[in-house]
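Here the structure is laid out as structure tokens; the discussion comes afterwards.
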Amino acid sequence: MEIVRSQRKPADAAVAPALSLYRSAPALEVRLEDFELFAIDRLRGTIKTPAFPISRVFLVLQGISDGLSRGKKPDEMEKLVSELWRAHMRHQDPSEEMNKDIISHFVLRLVYCRTEDLRKWFLSMETFLFRYRFRLESPESQRLLMSEFQLPYKAISHAEFETVKDKLNQVARSTGPSSNAETLFFKVPFEEVPELVAGRRVFMLKGFAYVAMNQVVSLVATQFRSNLSKALVLTNRKWTSTIRDKEKNRLTPIVEALSTGYLGPDYSQPKEFSEISLKDIDQLASSSFPLCMRHLFDKLRENHHLKHGGRMQLGLFLKAVGLKLEDALAFWKSEFSQKVGAERFDKEYSYSIRHNYGKEGKRTDYTPYACHKIISSTPSVGDHHGCPYRHFSEENLRAALGKMGVGGRSLDDILDKVRSRHYQVACTLTFEAVHAASCDSGINHPNQYFEASQKTLQTTRQATS
């Protein structure tokens, strides 16, 4: 792999910023495994694929997204980002850390350029990350970065500073202890620093805002966001016109999987709680099934039937929590035979159950659905699969959560996250309300919910025994 130490060559290497502006893709050859693994480290989740069997805990952009969705305070977010970056974006060769940073960013540009929703999410997360990292740079490095942006602003002269010094000091006193004595100020159009204006953290005069050096991150982040937004649109055009077809057998499958696939732990086989029995299934559904699976289970018990989408979603989940094939056949037959008869069940439904367990057809060991797939499904009338937090009306969701024992402030918080379309955060808050325990990693998979529930209940039993 060709080594590229940096995308810039500042005159003073002592103040060379560690932060890239990602102005252009680096001219290096990247191994296919690094192409994927660097992007995963920057993105999210634990992954295990046949080609790249690795295990990671929680990754940067998804961690930022979850932290913001959960309403973490600024100081909590700074600590979170610091921990995520240190854990996942380091490289065994320190000289390669900037390469990993740059490569992972440009790979994810390909991944997230392809729809408006993907671009919006990536833009917000990368801008947040850029703001955090810019603030860590020294003032000298910050000025170098500003010069690389070629911003059309210059520091105000000493004479101009003297004319507005008193006003600047008034603003400084109202926003906290600071000194303007040695601070550089930049005069910029007020619309370019909307958050500073909204927070009354700048002095305004004749349509211009006077931005102190220690606040310039707002100005630079706005420019970074604007540049990245344009770059994503251009990348999408290039991806659609040339890259996708040219790389259809090599990079395209990886790029598409990174944006749509589940990158968390492999739940194709049961783990710690390796087997459940038919006699315990009702109790487990009540205590440890997430709402999506509990709803399907209840509807199956009520109607003695589920359509294909529901059978797949619930059946693969039950397989992964440890329901053996023989028990699965007995479980589904006991319900369906009440509606369609035992003979029809054997003819029309038993094959698909054996197929899910890899005993028919291609004999593929099918994996249970992750939250991303469940949330993005589109159930029709009469279907019961999908994500209740997304697909239920607020009234039905209130009732369903009430049956799980969720109420009061917890219920209000969950519904607030649902209205903001943070469905996985809503599920995480449900877990915490039901189990009276925190789930800092967030819920990304129904089987993760089940395992975390069983661990929590086991710990509680041990503590009270």
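Numbering-wise, the sequence shown is residues 887 to 1351 according to the working numbering. No residue lacks a Cβ here, since even glycine has one placed at the ideal position from N, Cα and C.
Item                                                                                                                                                                          : Value
Helix, strand or coil for Y1275 per DSSP?                                                                                                                                     : helix
Pull up the CB-CB distance for K1370 and F1094, whole angstroms please, since I reckon it's below 8 angstroms.                                                                : Missing from the structure shown is residue 1370; the chain here goes from 887 to 1351 and no further.
So if DSSP puts F1094 in a beta bridge, which residue, or which two residues, is it bridged to?                                                                               : P1075 and L1091
Just reading off the alpha helix (DSSP H) that F905 is part of, what are its end residues?                                                                                    : Correcting the residue type first, residue 905 is Leu in the shown sequence and not Phe. Counting along the chain, L905 falls outside any alpha helix (DSSP H), and DSSP gives it neither H nor E.
From this set, S1104, L1070 and Y1275, which residue's C-alpha is nearest A1084's C-alpha?                                                                                    : S1104
Counting Cβ pairs, one atom from each stretch, are 3 or more of them under 8 angstroms apart for the segment 1293 to 1304 and the segment 1221 to 1234?                       : no
Pick out the complete alpha helix (DSSP H) segments inside the segment 1193 to 1237, 4 residues or longer, and give them in chain order.                                      : 1194 to 1207, 1211 to 1226 and 1228 to 1234
What residue ranges within the segment 963 to 1026 form continuous alpha helix (DSSP H) runs of no fewer than 4 residues, ordered along the chain?                            : 983 to 998 and 1002 to 1022
Using the DSSP secondary-structure output, state which residues sit across from A1359 in a beta bridge.                                                                       : Residue coverage of the chain in this structure runs from 887 to 1351, which leaves residue 1359 outside it and unanswerable.
Please determine, among R995, R1295 and L954, the residue with the shortest C-alpha to C-alpha distance to L1114.                                                             : R995
P1265 by DSSP, collapsed to three states: which one?                                                                                                                          : coil
So, V946 versus L1015, is the Cβ gap smaller than 8 angstroms?                                                                                                                : yes
Taking all protein chains shown into account, do 16 or more other C-beta atoms lie within 10 angstroms of the C-beta of R1307, making it buried, or fewer, making it exposed? : exposed
Taking the beta carbon of N1122 as the centre, do at least 16 other beta carbons fall within 10 Å, making it buried, or is it exposed?                                        : buried
Three-state secondary structure (DSSP) at D1166?                                                                                                                              : helix
Could you tell me the alpha carbon to alpha carbon distance between Q1348 and S1236, rounded to whole angstroms?                                                              : 40 angstroms
Cα separation between A1067 and A904?                                                                                                                                         : Its pLDDT being 47, under 50, A1067 is placed unreliably in this model, and the coordinates cannot settle the point.
So, under 8 angstroms CB-CB, V1304 and L1283 are touching, yes? Tell me the CB distance rounded to an integer number of Å.                                                    : 7 angstroms
With three or more C-beta pairs closer than 8 angstroms as the rule, is the segment 1254 to 1272 touching the segment 1194 to 1209?                                           : yes
Could you work out which residue in K1210, A1041, E1002 and P1025 is closest to L1118 when comparing CA atoms only?                                                           : E1002
For my contact list, V1207 and F1317 are in at a C-beta cut-off of 8 angstroms; report their separation, rounded to the angstrom.                                             : Not quite, the Cβ-Cβ distance comes to about 16 angstroms (not below 8 angstroms), so this is no contact.
What residue from V1102, L1070, E1081 and K1053 has the CA that sits closest to F1089's CA?                                                                                   : K1053
For the alpha helix (DSSP H) that M1179 lies in, which residues bound it at each end?                                                                                         : L1177 to N1189
Run the CB neighbour count on V1079, radius 10 Å, all protein chains shown included, and call it buried at 16 or more, exposed below.                                         : buried
Just curious, the alpha helix (DSSP H) that Y1309 is in, first and last residue?                                                                                              : Y1309 to H1321
For the segment 1126 to 1135 and the segment 1019 to 1030, state whether three or more C-beta atom pairs, one from each stretch, are separated by less than 8 angstroms.      : no
I'd like the list of long-range same chain contacts for A1214, defined as Cβ closer than 6 angstroms, with 5 residues on each side in sequence excluded.                      : I1239
Which of the three DSSP states is assigned to Q1036 in this structure?                                                                                                        : coil
What is the DSSP secondary structure of P1254, counted as helix, strand or coil?                                                                                              : coil
Considering only the alpha carbon of each residue, which of L1082, K1205 and H1321 lies closest to Q835?                                                                      : Residue 835 lies beyond the residue range present for the chain, which begins at 887 and ends at 1351; the question has no answer from this structure.
So is P1332 buried or exposed if we call it buried at 16+ other beta carbons inside 10 Å?                                                                                     : buried
Let's test the definition: count the other Cβ atoms within 10 Å of the Cβ of T1108 and tell me whether it reaches 16, buried, or not, exposed.                                : buried
Quick check on the burial criterion: 16 or more other C-beta atoms within 10 angstroms. Buried or exposed for R1295?                                                          : exposed
Compute the beta-carbon to beta-carbon distance between L1209 and I1260, rounded to the nearest angstrom, for a pair I have assumed lies under 8 angstroms.                   : About 19 angstroms; that fails the 8 angstroms criterion.
To the nearest whole angstrom, what separates the beta carbons of F1035 and Q1028, a pair I think is in contact under 8 angstroms?                                            : Contact flag wrong, Cβ pair sits at about 11 angstroms.
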